[in-house]
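Engineer: Residue 140 in numbering that gives the first Met the number 0 sits at position 141 of the sequence shown, with consecutive numbering throughout.
Before I ask anything, let me first share the structure, which is written out below as structure tokens.
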Amino acid sequence: MLSPVLGEFLGTFVLILLGNGVVAGVLLESSKSKDGGWIVITAGWAFAVMLGIFTSNTFGSSDAHLNPAVTLAFAVKTGDYSKLALYIPAQVGGAFFGAVFNYLHYLPHWKETKDPGKILAVFSTEPAISHIVSNFFSEFLGTFLLILGIVSIFSPTMTGLTAHFGTFLVGILVWSIGLSMGGTTGYAINPARDLGPRLAHFILPIAGKGSSNWKYAWLPVIAPLSGGACAGFLLGYLQV
0 MLSPVLGEFL GTFVLILLGN GVVAGVLLES SKSKDGGWIV ITAGWAFAVM LGIFTSNTFG
60 SSDAHLNPAV TLAFAVKTGD YSKLALYIPA QVGGAFFGAV FNYLHYLPHW KETKDPGKIL
120 AVFSTEPAIS HIVSNFFSEF LGTFLLILGI VSIFSPTMTG LTAHFGTFLV GILVWSIGLS
180 MGGTTGYAIN PARDLGPRLA HFILPIAGKG SSNWKYAWLP VIAPLSGGAC AGFLLGYLQV
């Protein structure tokens, strides 16, 4: 039966399957798209966002948040927190299984890849330079901009835009954030996108995979949630 929870789960599943899939294609050895570069990765993620939203809508979620930071932002903005306990577990679960299926899709390539850093990067984000304050600010600001962009795209003042075209623009928004701001931390801007796949990396039997870097794992969860909450508060205060 179609439901908002199913929509959030499947939409996030598609988001991670395609998003982490493009990273795997660029980083894993013997992939035909190896060394495709950052533009390929950011474009792949942009399209993953679009397809994830369409999937989420189709299977019952008119919200199609796919991101706990987005869910929290709209909860703070509207004062309605009822969806948090339903959407967030579905989003993290969808992200986990999206990462697992991506692992299965690239199964022969893991043993060819000897660099544990590249293996982890297929699943979750890592900073280019480890600097907690700077890394936190990057994720906070990227998520804050994501929320402002989403609300602006779907604002009642944007007359003439169809819902489908709005989805396309959200993908372009994520692409822009990735190109302009993603070089510092890999632009998680989504706690589920990082936590679910990091759990998959921790559990899956990948030879030589190395550490899942749990010391860093809190940051791409807390910073996006903080950015989302602050954006939601500002938008609610301004009654946007």
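Note that CB positions come from ideal geometry on N, CA and C, so glycine has one too.
Quick caveat: nothing in here was measured; it's all calculated off a predicted structure.
Taking only runs of the alpha helix (DSSP H) that begin and end inside the region 98-123, which ones reach a length of at least 4 residues, in chain order?
Structural biologist: 106-109, 115-122, all fully within the region 98-123.
Engineer: Just tell me which of His-104, Ile-87, Gly-148, Phe-167 has its CA closest to the CA of Leu-224.
Structural biologist: The shortest C-alpha separation from Leu-224 is found at Ile-87.
Engineer: Who are the near neighbours of Val-91 in its chain, counting only those whose CB is closer than 7 angstroms to its CB and skipping five residues on each side?
Structural biologist: Contacts found: Ala-191, Leu-194, Gly-195.
Engineer: If you draw a straight line from the alpha carbon of Leu-1 to that of Ser-81, how long is it in whole angstroms?
Structural biologist: Rounded to the nearest angstrom, the two C-alpha atoms are 19 angstroms apart.
Engineer: May I ask you to report which of helix, strand or coil DSSP gives Lys-31?
Structural biologist: Reduced to three states, the DSSP call for Lys-31 is coil.
Engineer: In chain order, what residues of the same chain have a beta carbon less than 6 angstroms from the beta carbon of Ala-63, not counting five sequence neighbours either side?
Structural biologist: Taken in chain order, the residues that qualify are Gly-10, Ile-52, Ser-55, Asn-56.
Engineer: If distances are taken between C-alpha atoms only, which option among Val-13, Ile-40, Ala-42, Ala-47 comes closest to Phe-58?
Structural biologist: When each option's Cα is compared against that of Phe-58, the closest is Val-13.
Engineer: Taking the beta carbon of Met-49 as the centre, do at least 16 other beta carbons fall within 10 Å, making it buried, or is it exposed?
Structural biologist: When all chains shown are included, Met-49 counts as buried.
Engineer: Taking the beta carbon of Leu-26 as the centre, do at least 16 other beta carbons fall within 10 Å, making it buried, or is it exposed?
Structural biologist: Leu-26 comes out buried.
Engineer: Whole angstroms is fine: what's the gap from Val-220's alpha carbon to Asn-189's?
Structural biologist: About 7 angstroms.
Engineer: Excluding five sequence neighbours on each side, which residues of the same chain lie with their C-beta closer than 7 angstroms to the C-beta of Thr-112?
Structural biologist: Same-chain partners within the cutoff: Leu-27, Glu-28, Ile-118.
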